[in-house]
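A.B. asks: Residue numbers for the sequence shown follow UniProt numbering, so the first one is 1 and each next one is one higher. Before anything else, here's the structure in question.
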Amino acid sequence: MSDKQQNTAAFYGQAVASFAVAMAATAIGIYQLDADPWVRGFLAIAVLYLVTSAFTLAKVIRDRQEGTRAVHHSQRGV
Numbered sequence: 001m002s003d004k005q006q007n008t009a010a011f012y013g014q015a016v017a018s019f020a021v022a023m024a025a026t027a028i029g030i031y032q033l034d035a036d037p038w039v040r041g042f043l044a045i046a047v048l049y050l051v052t053s054a055f056t057l058a059k060v061i062r063d064r065q066e067g068t069r070a071v072h073h074s075q076r077g078v
């Protein structure tokens with residue numbers, strides 16, 4: 001029996017679509033903002049930085065969980 005949980009294709013598709021809609025809505029909001037171009041540019045860079053940081057954090061957390069899982073399996077002799 002495997003401890004690894006698999007996501008369905010529908011769940012994956014929903015997550016990708018949700019991310020795309022959120023990024024598009026944010027981009028449109030920044031573009032439509034009544035502000036100087038440098039302010040909109042700053043906000044756009046800030047959003048991109050937040051997104052890349054979130055991906056990095058998610059990867060670090062996943063790697064740590066997988067490492068912990070591997071240690072538990074090796075200790076049990078599985």
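Virtual Cβ for every residue (Gly too), placed ideally from N, Cα, C. Because the structure is a prediction, the values reported are computed rather than measured.
(1) Do three or more CB pairs link the stretch 11–30 to the stretch 40–58 at distances below 8 Å?
(2) Anyone know if the C-beta pair for residue 23 and residue 51 falls short of 9 Å?
(3) Just verifying my parser: in three-state terms, what is the DSSP assignment at residue 6?
(4) With a Cβ-Cβ cutoff of 9 Å, do residue 39 and residue 48 count as a contact?
C.D. replies: Well, looking at it:
(1) Because the criterion of three Cβ pairs below 8 Å is met, the stretch 11–30 and the stretch 40–58 touch.
(2) In contact: residue 23 and residue 51 (Cβ atoms closer than 9 Å).
(3) DSSP places residue 6 outside both helix and strand once states are collapsed to three, so it counts as coil.
(4) Going by C-beta atoms, residue 39 is not nearer than 9 Å to residue 48.
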